[in-house]
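Student:
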Amino acid sequence: MAEAEAPSGTDGVVDDEVRRRLALVLDTDDLVEAHRLATRLRPWFGVAKVGLELFSAAGPDAVGSLRDLGYQVFLDLKLFDIPTTVNRACRVLGALGVEYLTLHAMGGVDMLRAGVEGLEEGAARAGLPAPTSLAVTVLTSDDSAPPHIVPNRVRVALEGGCGGLVLAAADLQTARELAPRLKRVVPGIRLPGSDRDDQARSASPQEAAANGADLLVIGRTVTKAEDPAAAAAAVASAV
Ligand code: C5P
Numbered sequence: 006m007a008e009a010e011a012p013s014g015t016d017g018v019v020d021d022e023v024r025r026r027l028a029l030v031l032d033t034d035d036l037v038e039a040h041r042l043a044t045r046l047r048p049w050f051g052v053a054k055v056g057l058e059l060f061s062a063a064g065p066d067a068v069g070s071l072r073d074l075g076y077q078v079f080l081d082l083k084l085f086d087i088p089t090t091v092n093r094a095c096r097v098l099g100a101l102g103v104e105y106l107t108l109h110a111m112g113g114v115d116m117l118r119a120g121v122e123g124l125e126e127g128a129a130r131a132g133l134p135a136p137t138s139l140a141v142t143v144l145t146s147d148d149s150a151p152p153h154i155v156p157n158r159v160r161v162a163l164e165g166g167c168g169g170l171v172l173a174a175a176d177l178q179t180a181r182e183l184a185p186r187l188k189r190v191v192p193g194i195r196l197p198g199s200d201r202d203d204q205a206r207s208a209s210p211q212e213a214a215a216n217g218a219d220l221l222v223i224g225r226t227v228t229k230a231e232d233p234a235a236a237a238a239a240v241a242s243a244v
């Protein structure tokens, strides 16, 4: 079987509802390699996450071509700049047809609101639904943030009009209490026995799902596994 092919007989074994809760991290500078991985792991994933590396390399083409493979696209650019600049960037990004876009909650209420408005304007101009804006609370590589930071950033995200939060599994309860209507997106997921790499606040897929994660961001625990398809199946069976 060519590497780019999806394994036969496995497409559709996982419910669409589960697949829409699993975002596949495509951290590479090579769109061909990203496609190979996305095609191979499509049976378990409904969302493809394009981060700084792939977007820097391939730009909007990465978004369009992953949509063509049937994925919802999660554009993880973690925007953080003055409100006008974020608004103008979001007007462009809102027209690309992505499902999710990240902005840093550290940027404050005005910045988030400017971003959300930009996304709505851009999407309306393109005749598309507006992407869900996700506020990044604290990076999961950072275990030094004082305890008041996450609740503060959740409040900032609410006031800024964001549709969701990116947070560590350990902060899910805070999010459920303070902002029950916001979508909860959790990176730093590791299967038992998997290397933590640079993730300081990791959790298993079971822990994240049981604590109320709506969308799990799945990276190296699957993409660098000896058998990525088996690891993907293990993740999917846990949520
Ligand atoms: O699972 P893995 O560590 O490989 O996933 C890393 C991905 O998750 C990276 O693309 C990183 O940018 C993203 N991410 C994160 N922590 C956040 C937000 C996003 O690790 N708070």
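Heads up: take any position in the sequence shown, counting from 1, add 5, and you land on the numbering used here.
Think of the CB as a built atom: it goes at the ideal place given N, C-alpha and C, for glycine as much as any other residue.
Given the structure is predicted, the values throughout are model-derived calculations rather than measurements.
On the DSSP bridge list, what partners appear for K54?
Tutor: Its beta-bridge partners are V30 and F79.
Student: Tell me T179's beta-bridge partners as DSSP assigns them.
Tutor: Beta-bridge pairing links T179 to no other residue.
Student: Apart from the five residues just before and just after M116, which ones in its own chain have a Cβ nearer than 6 Å to its Cβ?
Tutor: Excluding residues within five positions, the ones whose Cβ falls inside 6 Å are P88 and V91.
Student: Tell me whether D73 is buried or exposed, calling it buried when 16 or more other Cβ atoms sit within 10 Å of its Cβ.
Tutor: Classification of D73: exposed, given that the 10 Å Cβ count is below 16.
Student: Considering H109, what are the terminal residues of the beta strand (DSSP E) in which it resides?
Tutor: That run of the beta strand (DSSP E) goes Y105 to H109.
Student: Between which two residues does the beta strand (DSSP E) containing S138 stretch?
Tutor: Element bounds for S138: T137 to V141.
Student: Among A140, A131 and R189, which one has its Cα closest to the Cα of G120?
Tutor: When only C-alpha atoms are compared, the closest one is A140.
Student: Give me the Cβ distance between E164 and T137, rounded to the nearest whole Å; I'm assuming they're in contact under 8 Å.
Tutor: E164 to T137, Cβ: 17 Å. No contact.
Student: According to DSSP, is R130 helix, strand or coil?
Tutor: In this structure, R130 counts as helix in the three-state DSSP scheme.
Student: Suppose you measure from the CA of L144 to the CA of A150; what does that come to, to the nearest Å?
Tutor: Roughly 9 Å separates the two Cα atoms.
Student: For V227, which beta-bridge partners are listed by DSSP?
Tutor: Partner(s): none; V227 has no beta bridge.
Student: Ligand 1 and D32: does any heavy atom of the ligand fall closer than 6 Å to the residue's C-beta?
Tutor: Checking the Cβ of D32 against ligand 1 gives yes.
Student: Check whether the region 43-62 touches the region 228-242, counting contact only when three or more Cβ pairs, one atom from each stretch, lie closer than 8 Å.
Tutor: They touch, by the three-pair rule.
Student: Roughly how many whole angstroms lie between the Cα atoms of Q178 and N216?
Tutor: Taking the straight line from one Cα to the other gives about 7 Å.
Student: Indicate, with yes or no, if ligand 1 has a heavy atom lying under 6 Å from the CB of T145.
Tutor: Because some heavy atom of ligand 1 lies under 6 Å away, the Cβ of T145 counts as near it: yes.
Student: Write down the C-beta distance between I194 and S207 rounded to the nearest angstrom, noting that I regard them as a contact closer than 8 Å.
Tutor: Their Cβ separation, rounded to whole angstroms, is 7 Å, which keeps I194 and S207 in contact under 8 Å.
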